[in-house]
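Q: Basically the working numbering = 1-based index in the sequence shown + 357. What follows is a structure written as structure tokens; I'll ask about it next.
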Amino acid sequence: MTNLPEHAGTPGAPEMRAGDADRERVAQVLRDAAGEGRLTLAELDERLDAVYAAKTYADLEPITRDLPAAGTAAPPVPATGADWRPVEGAPSWRIGIGIMSGFQRSGVWNVPRRFSAFAFWGGGKIDLREARFDEGQVTIRALAIMGGFEIIVPDDITVHVKGLGIMGGFDQRASGPGVPGSPTVVVKGLAFWGGVGVKRRKSSRQKKRRKELDSD
């Protein structure tokens, strides 16, 4: 049996008849997308009409073709109470450049699926402790030439550091799992005569939670 893409929510052969449960799974994908701002209300209504009129899996598949695959949506609120979902109105940057200068990305900001950082005789600080995440996995590509980056991540998220250091350093000690349901941050890139340091630190949310537990 041939499976359709995960985001369609329709695990059957295209010519097979769809059931009510199949249509409802696709409808929920659309509702979630509208809640994340990926669809307007008018688009949601139009696509829901198409969902409930669909007779086969082939009819359902195109309806979610332009939406993220399962597992790439913004992270939900896990059992720990942490909320990594994007904040409406918060700033969002896709790039940071430090050429004989520096940049800083910190505070509450929405991290996109891909963030690129470049430093030449300069550097930058990327602080994710109070950040929110557009999707469940984000990738930071860092290129440091005779420069450096400091990347700070909260210690309850999953981190994979895969960069390479040539006559420089690319600290991979921060790699490790986070709490269930946490987003994943992948740090890639190259440090040539430079360095990329990735450190885990507690966020203000974690510190507040710790104080509440200690006071109980």
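We treat Cβ as the ideally placed atom computed from N, Cα and C, and that holds for glycine. Predicted, not measured: the structure shown is a model, and the values here were computed from it.
Please list the segments of the beta strand (DSSP E) lying wholly inside the segment 489-513, counting only runs of 3 or more residues, in order along the chain.
A: If we require 3 residues or more, the beta strand (DSSP E) runs fully inside the segment 489-513 come out as 494-502, 505-511.
Q: Tell me which residues share the same chain as T541 and place their Cβ nearer than 8 angstroms to its Cβ, disregarding the 5 neighbours each side in the sequence.
A: Taken in chain order, the residues that qualify are G493, Q494, V495, I514, T515, V516, H517, G535.
Q: Is the separation between the beta-carbon of G505 and that of A474 shorter than 8 angstroms?
A: No, the Cβ-Cβ distance between G505 and A474 is not below 8 angstroms.
Q: Alpha carbons only, please: which of L405, G481, D440 is nearest the one belonging to G459?
A: The option with the nearest alpha carbon to G459 is G481.
Q: Tell me which same chain residues have a C-beta within less than 6 angstroms of the C-beta of L500, skipping the five on either side of it?
A: So the qualifying residues of the chain are F475, G546, L547.
Q: Compute the Euclidean distance between the alpha carbons of M457 and L521, then round it to the nearest angstrom.
A: Approximately 22 angstroms between the Cα atoms of the pair.
Q: Go to A548, then tell me how far its alpha helix (DSSP H) extends in each direction, as first and last residue.
A: Run containing A548: none in the alpha helix (DSSP H); it sits in the beta strand (DSSP E), 541-549.
Q: Assign L387 to buried or exposed, taking buried as 16 or more other Cβ atoms, counted over all protein chains shown, within 10 Å of its Cβ.
A: The residue is buried, with at least 16 neighbouring Cβ atoms inside 10 Å.
Q: What is the DSSP secondary structure of D440, counted as helix, strand or coil?
A: In this structure, D440 counts as coil in the three-state DSSP scheme.
Q: Tell me the rounded alpha-carbon separation between G455 and A415.
A: C-alpha separation (whole angstroms): 49 angstroms.
Q: Return the CA-CA distance between S532 and P448, expressed in angstroms with no decimal places.
A: Rounded to whole angstroms, S532 to P448 spans 27 angstroms at the Cα level.
Q: At what residues does the beta strand (DSSP E) containing V408 begin and finish?
A: No beta strand (DSSP E) holds V408; the alpha helix (DSSP H) holding it covers 398-410.
Q: Less than 8 angstroms between the C-beta atoms of P511 and R451, yes or no?
A: No, the Cβ-Cβ distance between P511 and R451 is not below 8 angstroms.
Q: Taking Cβ to Cβ, would you say L417 is nearer than 8 angstroms to A410?
A: Contact flag unset, no.
Q: In the DSSP assignment, find the unbroken beta strand (DSSP E) run with L417 in it and report its ends.
A: Here L417 belongs to no beta strand (DSSP E); instead the alpha helix (DSSP H) covers 414-417.
Q: Using DSSP's beta-bridge definition, name the partner residues of Q563.
A: Beta-bridge pairing links Q563 to no other residue.
Q: For D379, which three-state DSSP category applies?
A: Here D379 sits in helix by DSSP.
Q: Which of the three DSSP states, helix, strand or coil, is assigned to V386?
A: V386: helix per DSSP, three-state reduction.
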